[in-house]
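Just so you know, the protein sequences line up as chains A, B, C and D, in that order. Residue numbering for the first sequence follows full-length UniProt numbering, beginning at 1 and increasing consecutively. Residue numbering for the second sequence follows full-length UniProt numbering, beginning at 1 and increasing consecutively. Residue numbering for the third sequence follows full-length UniProt numbering, beginning at 1 and increasing consecutively. Residue numbering for the fourth sequence follows full-length UniProt numbering, beginning at 1 and increasing consecutively. For glycine and all other residues, C-beta sits at the position ideal for the given N, C-alpha and C. Before any comments, here is the structure.
Number of protein chains: 4
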Amino acid sequence: MTITPPALSVFETLESEVRSYCRSWPAVFDRAHGSRMYDEDGHTYLDFFAGAGALNYGHNNPVLKRALLDYLERDGVTHGLDMATTAKRAFLETFQDVVLRPRDLPYKVMFPGPTGTNAVEAALKLARKAKGRESVVSFTNAFHGMSLGSLAVTGNAFKRAGAGIPLVHGTPMPFDNYFEGRVPDFLWFERLLEDQGSGLNTPAAVIVETVQGEGGINVARPEWLRALAALCERRDMLLIVDDIQMGCGRTGAFFSFEEAGITPDIVTLSKSIGGYGMPMSLTLFKPELDLWEPGEHNGTFRGNNPAFVTAAAALNAYWTDGQMEKQTLARGEQVAQALRAIGAEHPELGAQYRGRGLVWGLEFTDRTRASAVAARAFELGLLIETSGPESEVVKLLPALTITPEDLDEGLRILARAVRETA
Amino acid sequence: MTITPPALSVFETLESEVRSYCRSWPAVFDRAHGSRMYDEDGHTYLDFFAGAGALNYGHNNPVLKRALLDYLERDGVTHGLDMATTAKRAFLETFQDVVLRPRDLPYKVMFPGPTGTNAVEAALKLARKAKGRESVVSFTNAFHGMSLGSLAVTGNAFKRAGAGIPLVHGTPMPFDNYFEGRVPDFLWFERLLEDQGSGLNTPAAVIVETVQGEGGINVARPEWLRALAALCERRDMLLIVDDIQMGCGRTGAFFSFEEAGITPDIVTLSKSIGGYGMPMSLTLFKPELDLWEPGEHNGTFRGNNPAFVTAAAALNAYWTDGQMEKQTLARGEQVAQALRAIGAEHPELGAQYRGRGLVWGLEFTDRTRASAVAARAFELGLLIETSGPESEVVKLLPALTITPEDLDEGLRILARAVRETA
Amino acid sequence: MTITPPALSVFETLESEVRSYCRSWPAVFDRAHGSRMYDEDGHTYLDFFAGAGALNYGHNNPVLKRALLDYLERDGVTHGLDMATTAKRAFLETFQDVVLRPRDLPYKVMFPGPTGTNAVEAALKLARKAKGRESVVSFTNAFHGMSLGSLAVTGNAFKRAGAGIPLVHGTPMPFDNYFEGRVPDFLWFERLLEDQGSGLNTPAAVIVETVQGEGGINVARPEWLRALAALCERRDMLLIVDDIQMGCGRTGAFFSFEEAGITPDIVTLSKSIGGYGMPMSLTLFKPELDLWEPGEHNGTFRGNNPAFVTAAAALNAYWTDGQMEKQTLARGEQVAQALRAIGAEHPELGAQYRGRGLVWGLEFTDRTRASAVAARAFELGLLIETSGPESEVVKLLPALTITPEDLDEGLRILARAVRETA
Amino acid sequence: MTITPPALSVFETLESEVRSYCRSWPAVFDRAHGSRMYDEDGHTYLDFFAGAGALNYGHNNPVLKRALLDYLERDGVTHGLDMATTAKRAFLETFQDVVLRPRDLPYKVMFPGPTGTNAVEAALKLARKAKGRESVVSFTNAFHGMSLGSLAVTGNAFKRAGAGIPLVHGTPMPFDNYFEGRVPDFLWFERLLEDQGSGLNTPAAVIVETVQGEGGINVARPEWLRALAALCERRDMLLIVDDIQMGCGRTGAFFSFEEAGITPDIVTLSKSIGGYGMPMSLTLFKPELDLWEPGEHNGTFRGNNPAFVTAAAALNAYWTDGQMEKQTLARGEQVAQALRAIGAEHPELGAQYRGRGLVWGLEFTDRTRASAVAARAFELGLLIETSGPESEVVKLLPALTITPEDLDEGLRILARAVRETA
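Quick look at the structure:
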């Protein structure tokens, strides 16, 4: 595929320098459907990024689209602050029936403002309020958002520097496998907690991702997560699972922590919870933590009702049985095989792959290779991103609804991009 | 109108205690159009709150609705991260042609995540980065948002307490008329700045609302704003106008600061910028402040393309000439007359009213009266809110597109509610 | 007097650039007695600085010297940590009998480490612990010390910048007469406290000097101090009087707040409490505030027993009757007359003087004049310092024990220095 | 020895509850000489605590006493702020000739206020200023002082809680042997530094004690210190050695870091630097770090000239040759033998001992035993303290000038106390 450099002028002259993805993918996109995006020059792209995990059901999923158009056409409430609406009730009831009850999860549901970082801010506030302590433990290479509360528990030095103030009240601990097995799990964390002279401010909570997406597709083992949950309980710290990117089925089960069999105290959801890529987020917590006063945390767009409509439609369409989970695990196996083959084809690259469900990472010995591969993949019509502190990992995040054929096509392009970036 | 208590069960059992508006307005809303909302029991409400200013063009405005439906039907990109899209380009070009150029405003445009607090967080980060200082001055009774950065410059003690950590790096100064003319404007602020022994950490920026909506409809005079802008320039502080609630025509002109003839260094927009009540926000700044590195501030829902579509449609429909501004000022005069009449009818209430454009406040000597009035208004079919630190001010925030007849009807209900809450 | 530049070599080559007084007074001092210091070249200086108020009883006061030598000769405990010693008991009993009981002051006595800043750190810790809040209000141009807790409530921008971290948890309020009568006292402070939307973090305490020595000899009126004490009580804030420089008789009475008739919750003493210029400090507080756990605040040199000996000797020698207070007020009147005469002699200088007891300041229209006067005074054999944020005030701080003749001589040198710096 | 409960009344009624040592040692001490203290009831105590290391030359050492008395008698300057004095010059020259030059140490000398915590505050300020970063790394079980800057890098949870504000800008790392060899040295620290996604704020400096006295007599190996110094250099962090308790010969050499062959960027000294137990402290740093502006850090008692006199006398008496170091190591060997014998006598106690020079710790399996031993030792006439986060270590800190006979006597009392606390 030959791509003519698009006319980016207004983006270049008017939009801030902060823009990023449009630099890696210099096209002007116009339409999208399922796993395909189309630019204004008629090029088609296979999307292995899926809105950074916000499009688990693909672009403009027809089932959700129908529900959305119907709602808009009949003048359903679009903007409802946190007023009770029929759309919100339908979502809440569906979420309870399809998600919470079958999993025996006791959570209360909070609408904290429709972005991930807002869900994290609400989670951190609540944890601090509940425990009366300021400190929160996060993990190396964590990513939780860009507002000051979330940024303080995010690992990336470049993003942290943007704060313009010292980020405090957070302490990083080693994520699973940070020392590649050389150090027993939680040795450092537990010792700091038990030693009255350690200097660690007693944490109100621990915030963790089960798979670190931005951090380089670092996968926590179920036993590590269980040990963490046990440590939190033993030491009176709340466990917050940030499931914004890994929830909504990305790893197979609806919640990514289900496999480990743990019940976090607080859970954040965003990205794909709305189903159609529209802003929505939730903070879930055990009922005894529902210590909020009315209006203590608010936000204008908490009641993004069109997203409630597509959210409920997505739950009804995909989560009333175990089909979606099975399919995701099967597609994941397909990815794993392809990545294994890439490694086998190029033993000199020292390629390592890792993942769960439909989130996978591919790392090379040469830390600049991932970016080259992604750039070549774009030229070949595949949208694929890198992650990790040095962008050293190719990150595969296709829609969960991708067909085996599309998945195969994308994996073949990836293999070719690896081959052609020697 | 008699209202049967609605079946709120799932809201009460599943949704967090943090919910607020649904408590004042115990109805389950189903549809909305223009200045009317309809609950599932068939009651109609006249809306004088307009999504806290997010619905300046009314609920489900038909012009915007058409554009939105067309876009969705043709599978325009819904979720685009910060990729270049045709919808985003159309918005940027329209914003430039309709808003920035005619006003000779040189701003660069940043999409910081689609909520107001995210726009404020980006503004504060940028100001701190640009000046290399941490401290930001805000004003008494300011409201800027709920994430930690924004909350630190928000005045409300109840909301601040929710942070769970000490909120620092901000210092409040008296807003216009805080001492009812007893103290010269900026006497305290300027003295602190010029006195090398004052103990004030030199601010990177000042953040201000031209009219404090949440703070009690406190209206800054143009000359006060000009003096503030001059002070900022003289003392090397950036001036941030948070125009999230007062921008997009709420006070008459598109930007609320136009009347004062100032050009802030940074401006935040959200709420009505999307036009249709869908999440969207912008941070605008002078080109020399565009110091962001690519991706230094990001967020999943920056590219809420359906909102870009309705945003562009709204600008094209309402802001290509001076009609909207004129109309808003005329409607505002209508409100002022009605409030004046309410005061005259009940001299014993000591009613004070104040406002600009279509944002007005009505305050009584008895500080509990406003809540009683709003409650009675709801029973009479009018949605109206209170504001101020003690909810002591009735706040009028109708859609800018409200008809004179609807406006009159609402004002008559308000007058009746005042009468009936003796 | 002609002064040969002294051999400062080791000071210049080995001592840090941070040294300060030795720059204004380029002599190498060898001996001292009463109000006189002698350098190694045989020059004599009249001392109007008295160790920044640490030498209220003059240099090497013979009464205290005798007590000290006796103690050292008999091998009394020199260093006692916070062990009980006979010297400490004698001091405590004397302090109780001579200072606390006659004034009906109920304070408990803490030995917090022998420097002023340590006494302030202990006071702030205790106030925060007692109230469970972080914030402390200080005043414009306050000076409380150089360690991080004290520095955060100190006004001077230059000294604050030395912290290397943002100084937070403190908010400055205008000291008495900051606006020269244009603004009612405490208007701003009280309004911030009563307004639930003001953005002020509720303070645990207020820390104040009755006369700001470093800040420019700013004298708080008794009625202002009484209003402050009343405000603190009304608003549940602890009142801390930092009497480190103004206590021990500097303003006449033993405590500088006695004149106002207030009883602060916490008082800090240092500088002259040891009597002989040796490090010692105290933090006093009402018994109900004695919430310390054993050892919760400690320090190696809390038990500087030689200072306890001279401290007790000073109290016994000077404070068992009202003689010292009367004499200080009389000497103060002598100073006031001389300053008045200087002003009258040079009407063009716009000289303003202010003070209480034996602390006085002289300010000129030309803000550089004070430094010139002090420099000329040194050449004429008078040690005198400047203060204020721009060193714009000549500061008179002679020993309380100075003879009328020495005082007169110094005042004549001062007048000459003013005359000769035109 | 039978001890009559002393009359502690004024201590109990007037002194704050914060007092600590006087609770363990309920005697009223009157005189002291060498390694003996005498209470007012005629009891004699052998002192194995030596003012927490402030009395390395014993109580009221006659050589220093003579110099002090001479100085006081001839009216040498007692209190000199930071003016140049002959006493200060003599100290500086002696310090240069006896301490710095022979060791080829290039340090500038700062007098930061005469307590240890003030020296640490100055060191931290300077490091932050030099590097333009806020964060400082400290170690588990570190002790650096009680003012807010020092407390933030101190490990003890009980003392940290006294701050009343969240202590931030510090991060603890594991001290040597924290994991008893299970984890490679600096694995965690170095990984955090090299990983751009670790979440560690880049430190300006690392502050360390070579032997943690308060923390439980934890002895860092020379190779660990060398690796730390190398890490600091490699990663552009300043190395601060807090030698307040371990310097001045406590471990053998004058500076405790000499054995490791490293040259820290900044060194703090206090406690025994004055020689006679009078308040004095120093902050030393490499000349290129002397970035202070004149007066940027100050303090009233920086010029405690009597302490300069005894400090110079001590250096001249004990440090002009290698005698003191040799003797300390020999005495240390005597201690080690005795502790070994105690362990051998009671194999069931699992006693562990550790130390260097004349600082030793003895730990038992039963963590309450140390306090019992110290209490019994007091009854037997030996002053000995415990340390460690749970006071689980008996701490031996005799004067360096103790005679072999006195040392032997004390060690025998200790052995007896162990025996009698079964």
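Item to check | Length of the line joining the Cα atoms of Asp195(D) and Met246(D) | outcome: Here residue 195(D) refers to the residue found at position 195 of the fourth sequence. Here residue 246(D) refers to the residue found at position 246 of the fourth sequence. When rounded, the distance between both Cα atoms is 34 Å.
Item to check | Which of helix, strand or coil DSSP assigns to Glu15(C) | outcome: Here the question's residue 15(C) lines up with position 15 in the third sequence. If DSSP states are grouped into helix, strand and coil, Glu15(C) belongs with the strands.
Item to check | Listed by chain order, chain D residues near Arg31(C) by CB distance under 8 Å | outcome: Within the third sequence, residue 31(C) is the residue found at index 31, counting from 1. At a C-beta separation below 8 Å, Arg31(C) has these neighbours in chain D: Arg74, Asp75, Gly76, Val77.
Next on the checklist: Using a Cβ distance threshold of 8 Å, determine whether the segment 132-144 of chain C contacts the segment 204-213 of chain C, with at least three qualifying pairs required.
Outcome noted: Taking a cut-off of 8 Å on C-beta distances, the segment 132-144 of chain C touches the segment 204-213 of chain C, as three or more cross pairs fall below it.
Item to check | DSSP state of Asn360(D) mapped onto helix, strand, coil | outcome: One-based indexing of the fourth sequence puts residue 360(D) at position 360. According to the sequence as given, residue 360(D) is Trp; it is not Asn. Correct three-state label for Trp360(D): strand.
Checklist entry - Quick one: does Gly213(C) have its CB under 7 Å from some CB of chain B? => result Counting from 1 along the third sequence, the entry for residue 213(C) is found at position 213. At a cut-off of 7 Å between C-beta atoms, Gly213(C) does not count as an interface residue with respect to chain B.
Checklist entry - So Ala152(A) and His169(A) are in contact, right, with Cβ under 8 Å, and what is the actual spacing, rounded? => result In the first sequence, counting from the first residue as 1, residue 152(A) sits at position 152. In the first sequence, counting from the first residue as 1, residue 169(A) sits at position 169. The pair is a contact, with the Cβ atoms about 6 Å apart (cut-off 8 Å).
Item to check | Minimum Cβ-Cβ distance from His346(D) to chain C less than 7 Å | outcome: If you number the fourth sequence from 1, residue 346(D) lands on position 346. For His346(D), no CB of chain C lies under 7 Å from its own CB, so it is not counted at the interface with that chain.
Checklist entry - List, in order along the chain, the chain C residues whose C-beta lies closer than 8 Å to that of Cys22(D)? => result In the fourth sequence, residue 22(D) corresponds to position 22, counting from 1. By Cβ distance, chain C contributes Asp82, Met83, Ala84.
Next on the checklist: For a test of the three-state rule: what should DSSP assign to Tyr71(C), helix, strand or coil?
Outcome noted: To locate residue 71(C), count along the third sequence from 1; it is residue 71. Note: Tyr71(C) maps to helix in three-state DSSP.
Next on the checklist: So for Pro172(C), helix, strand or coil by DSSP?
Outcome noted: Taking the first residue of the third sequence as position 1, residue 172(C) is located at position 172. Note: Pro172(C) maps to strand in three-state DSSP.
Next on the checklist: My assumption, with CB atoms under 8 Å, is that residue 427(A) sits in contact with Ser198(D). Please give the rounded CB distance.
Outcome noted: The displayed coordinates of chain A run from 1 to 422. Any statement about residue 427(A) would go beyond what the structure contains.
Next on the checklist: Using a Cβ-Cβ cutoff of 7 Å, what residues of the segment 57-68 of chain C are near chain D? List them in chain order.
Outcome noted: Within the segment 57-68 of chain C, the qualifying residues are His59, Asn60, Lys65, Leu68.
Item to check | Nearest candidate by alpha-carbon position, reference Ala205(A), set Asn177(A), Arg182(A), Trp224(A), Met173(A) | outcome: Stepping through the first sequence from its first residue, residue 205(A) is reached at position 205. Here the closest residue by C-alpha is Met173(A).
Next on the checklist: Against chain B, does Lys125(A) count as a neighbour if the rule is that its beta carbon must be under 7 Å from one of theirs?
Outcome noted: In the first sequence, counting from the first residue as 1, residue 125(A) sits at position 125. So, interface residue.
Item to check | Ala52(C) beta carbon less than 7 Å from that of Asp39(C) | outcome: Within the third sequence, the letter at position 39 stands for residue 39(C). Within the third sequence, the letter at position 52 stands for residue 52(C). Not in contact: Asp39(C) and Ala52(C) (Cβ atoms no closer than 7 Å).
Next on the checklist: Let me see if you follow: with CB-CB separation under 7 Å, is residue 509(C) close to chain B or not?
Outcome noted: Residue 509(C) lies beyond the range of chain C shown here (1 to 422); nothing can be said about it.
Item to check | Nearest candidate by alpha-carbon position, reference Met324(B), set Pro264(B), Leu382(B), Tyr276(B), Thr403(B) | outcome: Looking up residue 324(B) in the second sequence gives position 324. Considering only Pro264(B), Leu382(B), Tyr276(B), Thr403(B), the residue with the shortest C-alpha distance to Met324(B) is Thr403(B).
Item to check | Cβ separation of Thr86(C) and Asp30(D), assumed to be a contact under 8 Å, to the nearest whole Å | outcome: By 1-based counting over the third sequence, the position of residue 86(C) is 86. By 1-based counting over the fourth sequence, the position of residue 30(D) is 30. That pair is a contact at about 5 Å.
Next on the checklist: By the 8 Å beta-carbon criterion, what residues does the segment 168-193 of chain C contribute toward chain B?
Outcome noted: Val168, His169, Gly170, Thr171, Pro172, Pro174, Tyr178, Phe179, Arg182, Val183, Pro184, Leu187, Trp188, Arg191, Leu192: these are the residues of the segment 168-193 of chain C whose beta carbon lies less than 8 Å from some beta carbon of chain B, given in chain order.
Checklist entry - Do you know whose CA, among Asp47(B), Val99(B), Arg36(B), lies nearest Thr320(B)'s CA? => result As a working note, residue 320(B) is residue 320 in the second sequence. Among Asp47(B), Val99(B), Arg36(B), the Cα nearest to that of Thr320(B) is on Val99(B).
Checklist entry - Does any C-beta atom of chain A lie closer than 7 Å to the C-beta of Glu134(D)? => result Within the fourth sequence, residue 134(D) is the residue found at index 134, counting from 1. Proximity of Glu134(D) to chain A, defined by a Cβ-Cβ separation below 7 Å, is satisfied.
Checklist entry - Can you list, in chain order, the residues of the segment 387-407 of chain A whose Cβ is nearer than 9 Å to any Cβ on chain B? => result In summary, no residue of the segment 387-407 of chain A has a CB separated from any CB of chain B by less than 9 Å.
Checklist entry - If we cut at 7 Å on Cβ distances, does Ala52(A) have a partner in chain B? => result Here residue 52(A) is taken as the residue at index 52 of the first sequence, counted from 1. Yes, Ala52(A) lies at the interface with chain B (some Cβ there is under 7 Å from its Cβ).
Item to check | Best match in Thr421(A), Thr283(A), Gly295(A), Gly274(A) for proximity to Tyr318(A) [C-alpha to C-alpha] | outcome: As a working note, residue 318(A) is residue 318 in the first sequence. The residue from Thr421(A), Thr283(A), Gly295(A), Gly274(A) with its alpha-carbon nearest to that of Tyr318(A) is Gly274(A).
Checklist entry - With which residues is Ser138(B) paired in a DSSP beta bridge? => result For the purposes of this step, residue 138(B) is taken as the residue at position 138 of the second sequence. Its beta-bridge partners are Pro172(B).
Item to check | Spatial distance of Pro347(A) from Gln337(A) (CA atoms) | outcome: Taking the first residue of the first sequence as 1, we reach residue 347(A) at position 347. Taking the first residue of the first sequence as 1, we reach residue 337(A) at position 337. Spanning the two alpha carbons is a distance of roughly 15 Å.
Next on the checklist: Residues of chain C with CB closer than 7 Å to the CB of Leu200(B), please, in chain order.
Outcome noted: Counted from its first residue, the second sequence places residue 200(B) at position 200. For Leu200(B), the neighbours in chain C by C-beta distance under 7 Å run, in chain order, Pro172.
Checklist entry - With a cut-off of 7 Å, does the C-beta of Phe91(A) fall near any C-beta of chain B? => result In the first sequence, residue 91(A) corresponds to position 91, counting from 1. False, the Cβ-Cβ gap to chain B never drops below 7 Å.
Checklist entry - Can you find a C-beta in chain C that's less than 7 Å from the C-beta of Trp319(D)? => result Within the fourth sequence, numbered from 1, the residue matching residue 319(D) stands at position 319. Taking 7 Å as the CB threshold, Trp319(D) stays off the interface with chain C.
Next on the checklist: For Pro222(C) and Ala253(C), which I take to be in contact (beta-carbon distance under 8 Å), what is that distance rounded to the nearest angstrom?
Outcome noted: Working through the third sequence from its first residue, we reach residue 222(C) at position 222. Working through the third sequence from its first residue, we reach residue 253(C) at position 253. Their Cβ separation, rounded to whole angstroms, is 11 Å, which puts Pro222(C) and Ala253(C) out of contact at 8 Å.
Checklist entry - Who are the neighbours of Ala163(D) on chain C, taking C-beta pairs under 7 Å? => result As a first step, residue 163(D) is located in the fourth sequence; it is residue number 163 there, counting from the start. Among the residues of chain C, those whose CB is under 7 Å from the CB of Ala163(D) are Lys125, following chain order.
Next on the checklist: Output needed for Glu385(C): all residues of its chain with C-beta closer than 7 Å, excluding positions within five of it in sequence on either side, in chain order.
Outcome noted: Position 385 of the third sequence holds residue 385(C). For Glu385(C), where only same-chain residues beyond five positions count, the Cβ hits under 7 Å are Phe49, Ala374, Lys395.
Checklist entry - Under 8 Å Cβ-Cβ, which residues of chain A neighbour Gln196(D)? => result Counting from one through the fourth sequence, the residue named residue 196(D) turns up at place 196. Ordered by position in chain A, the residues that pass the 8 Å Cβ test against Gln196(D) are Asn156, Ala157, Phe158, Pro389, Glu390.
Item to check | Straight-line gap, Thr368(A) to Ser387(A) (C-alpha atoms, nearest Å) | outcome: Your numbering for residue 368(A) matches position 368 in the first sequence. Your numbering for residue 387(A) matches position 387 in the first sequence. The straight-line gap from Cα to Cα measures roughly 12 Å.
Checklist entry - By how many angstroms is the C-alpha of Ser272(C) removed from the C-alpha of Tyr57(D)? => result Locating residue 57(D) in the fourth sequence gives position 57, where the first residue counts as 1. Locating residue 272(C) in the third sequence gives position 272, where the first residue counts as 1. Cα-Cα distance, rounded: 29 Å.
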